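S.K.: In this note's numbering, the protein residues as written are 4 to 656.
Every residue gets a Cβ at the ideal spot worked out from N, C-alpha and C, and that includes glycine.
On a predicted model such as this, the values are computed, not experimentally measured, just so you know.
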Amino acid sequence: MGVDDRDRAAAGHRGGALVVRGSSARIGDRRGLIVCTAGSARWCGLVARRCRRRAPDSRASQRERDARHDGRRAHRLARAAAVRPRRRERSAERRRQILEGRSVTAAVAASSEFATALLLALVERGVEHVVVSPGSRSQALALAAAELEAAGLLHLHVRIDERDAAFLALGIGMATRRPAAVITTSGSAVGNLVPAAMEASRAQVPMLLLTADRPAELRGTGANQTTRQANILGDLATLDHDLAEGDYAHDPVGLAVRLACEVLPFAELNRPGIDDEHISLRGPMQVNVQFVEPLSGRHTETSALQALVRRRIDDERPQHPLLNATRKEAATVPARGTVLVAGLGADVDLVRAARDAGVPVIAEITSGARQWHTVKGYREWLDHGADGACRMIVTGLPSLSRQVWHFAERADVQVIAVAPAGREHFSPGHRARRVDLLRFEASAQGGDAHGDGAADAPGAPVVADASLTGEALTREAVIDAVWRHSRIDAPSADAIYLASSHMVRVADERVGASAVPVFGHRGLAGIDGTISAASGVADARRAAGVGALTRLVIGDLAFAHDVGGLLRPECEAAPPLQIIVVNDHGGSIFAGLEVATADPALYERVVRTPQPLRVRETAAAYGWAYRQARDVAELDGLVAAGEPGIVEVVIDA
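1) Keeping to the same chain, check which residues put their C-beta closer than 6 Å to that of Ala124; ignore five residues upstream and five downstream.
2) Can you tell me whether Lys331 is buried or exposed, with buried defined as 16 or more other CB within 10 angstroms of its CB?
3) Using only alpha-carbon positions, find the residue among Phe410, Ala484, Arg513 that is nearest to Asp386.
4) Sorted by chain position, which residues of the same chain lie with C-beta nearer than 8 Å to Pro613's C-beta, five sequence neighbours on each side aside?
5) Would a check of beta-carbon distances place Ser591 closer than 7 Å to chain C?
6) Cβ of Ser495 within 7 Å of Cβ of Ile530?
7) Looking at the strands, I want to know which residues DSSP matches up with Val2.
8) According to DSSP, simplified to helix, strand and coil, what is Gln228?
9) Residues bridged to Asp639 by DSSP?
10) Taking only runs of the alpha helix (DSSP H) that begin and end inside the region 344-375, which ones reach a length of at least 4 residues, in chain order?
11) Taking DSSP's pairing of strands, which residues face Ala2 in a bridge?
12) Contact between the region 293-301 and the region 246-253 is defined here as three or more beta-carbon pairs at a separation below 8 Å; is this criterion met?
13) Figure out for me which residue from Asp655, Pro520, Leu570 has the closest Cα to the Cα of Gly550.
14) For a minimum of 4 consecutive residues, which ranges assigned as the alpha helix (DSSP H) are wholly contained in the region 122-164?
15) Does the region 188-196 touch the region 126-141, meaning 3 or more C-beta pairs lie closer than 8 Å?
16) Kindly indicate the opening and closing residues of the beta strand (DSSP E) around Phe522.
17) For the candidate residues Leu144, Glu131, Leu156, whose alpha-carbon lies nearest to that of Ala178?
18) Compute the Euclidean distance between the alpha carbons of Asn487 and Ala510, then round it to the nearest angstrom.
19) Give every residue of the same chain whose Cβ lies closer than 7 Å to the Cβ of Asp655, excluding the five residues on either side of it in the sequence, and list them in chain order.
20) Hey, out of Gly425, Ala644, Ala632, Val134, whose CA is closest to Glu651's CA?
21) Is the Cβ-Cβ distance between Pro337 and Ala120 less than 7 Å?
22) What are the boundary residues of the beta strand (DSSP E) that Leu211 is part of?
23) Taking 8 Å as the cut-off, does the region 415-424 touch the region 394-405 (at least 3 CB pairs, one atom from each stretch)?
24) Terminal residues of the continuous beta strand (DSSP E) containing Ala484?
25) So who's on the other strand from Gln293, going by DSSP bridges?
26) Going by DSSP in three states, Thr305 sits in which element: helix, strand or coil?
27) Buried or exposed: which applies to Asp318, given that a residue is buried once 16 or more other Cβ atoms fall within 10 Å of its Cβ?
28) If you measure between the beta carbons of His524 and Ile592, is that distance less than 7 Å?
29) Between the beta-carbon of His428 and the beta-carbon of Ala420, is there less than 7 Å?
30) For Asp216 versus Gln232, is the C-beta spacing smaller than 7 Å?
31) Between the C-alpha atoms of Ala536 and Leu173, what's the straight-line distance to the nearest angstrom?
32) At which residues does the beta strand (DSSP E) containing Phe443 begin and terminate?
33) For the alpha helix (DSSP H) holding Asp542, just list the boundary residues, first then last.
34) Beta strand (DSSP E) containing Ala184: first to last residue?
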């Protein structure tokens, strides 16, 4: 069909050739007049415009185009020359706004501005480690952490499992007494933090949870990955904030500094040499941030933001009601007739005072108070009346024997718990008296009642012998080898982590005076997260330049329960951690409890629960070195070598 003048003008093609595929068009002449025998003439005109070529022999047209190109280039250069000073002026003005604390421009993403300011403020207050579990809603915090790691301002750890991330932070807090920050996205990710937070609460280990959330208006609407995660810890949290965009968008630096200064008692008062009177402020903290889109973006230059954070922190005066508390509940007790029990988190100074006053001391293996000779075989000693003791002083949280609890329940025994107000303390039957401070009236004997002479005296408590021997491949042989080859000389001192299994009780009964730092899950005494927590201790000690090796002694069930703790990113170095798996084919710890008298088949099915665990294959899957000790000589050699990796010790239950 013909082409009207309008379409012919649209299809004009000067000096070129045109081929229209998929139609029956043919070329009329070199001017490009298109006569379409099929299809739409208007469509052919559009194709012609898109396929237009310049005529190869049109030199005049080329000169015209070159002239136009030169003109446009000159115009762009002139415009850039005019714009550049204005940009410099805006940058200078922006720096002045930042240094003066004024609000930032809309081009800056409030999410990234606040996230970076918050981490900078926490670093200024003493936080050194951040653990990230990747997610979309938390991207501003995660990217800020990576940026600060690249700047050498913090140590970053990445774990894909939020539960492992939280227990890693728990271990870091155990080793440093400062909170590690855990960053997670919204939804069920936050729920995975709860087990570690529960342990941190009971054990009074500082931990900061930075949980990303969706806007509050989405709660209860069925929105994706949205739940009521604010205040998920309830009464366990020692600090709890739920922040909306309106809270952090206006003055992100100011809010970040205020939050960091609220964390101050947890982060700074736990440092060595700082008075420990505010121990009740330890435990898990949660800052829940409702991030809105854009979830990340440009933020103020880090160096400028850091300078502003430092200025604002210098102006901030952190306040907390417990910081101003001056009244202390004190007591003075006679040394005669008194026994002191030191559990997890014990006051070592109080233990030293009791020892100097001649008071018998029961120090659990994870109390941190085994530097001196303490009562060995204390379970039997308590069962037989503890030489007529009528008063029990408790520091920390003992958890390794029923005998301590039963002795404290006796009506003729006075129980005094030395613990700060507000902290859960040892109180069987809720009858213990709590005091902040305690003094001993020295006994007539005075001095150290647990020297070598006292150990052999008739009726005196038996004192642990520091020598450790083992002749067979037994649980005792494992404990002997671990303590024998753990160095105590700084800066190459080793550390030991005892899982909540049969082995921690073997160590508690067998080990005498020892200066080796011992860690463990003795708050709620669970087996979850043990590998991750031990890795946290090892990583933190390495980062601080303290210690050469951390040894984890763990049963096969606890190992299987946290096998995911072996996984870490390829870019992160493996921890200086030797994992000694005592494989006794199930929960042998239950053999000493009432449940062991149940029907053997039922007991095996639901209590002992042996697992088809292949430690060698598991180690290979996660990239860990593996060795198996088949006798005492091999065990001793592997432990003495001190190589990071997994050592399996098979024990016949």
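M.R.: Here's the rundown:
1) Ala259, Val260, Ala263, Val312
2) exposed
3) Phe410
4) His588, Gly589, Glu607
5) Note that chain C does not occur in the displayed structure, where there is just one protein chain.
6) no
7) No statement about residue 2 is possible, as the shown extent of the chain runs from 4 to 656 and does not include it.
8) coil
9) Beta-bridge pairing links Asp639 to no other residue.
10) 351-359
11) Outside the modelled stretch of the chain, which goes from 4 to 656, sits residue 2, for which no answer is possible.
12) yes
13) Pro520
14) 142-153
15) yes
16) 521-523
17) Glu131
18) According to the sequence displayed, residue 487 carries Arg and not Asn. Cα-Cα distance, rounded: 12 Å.
19) none
20) Ala632
21) no
22) 210-216
23) yes
24) Premise fails: Ala484 lies in the alpha helix (DSSP H), 478-487, not in any beta strand (DSSP E).
25) Asp216
26) helix
27) exposed
28) no
29) yes
30) yes
31) 6 Å
32) 440-444
33) 533-546
34) 183-187
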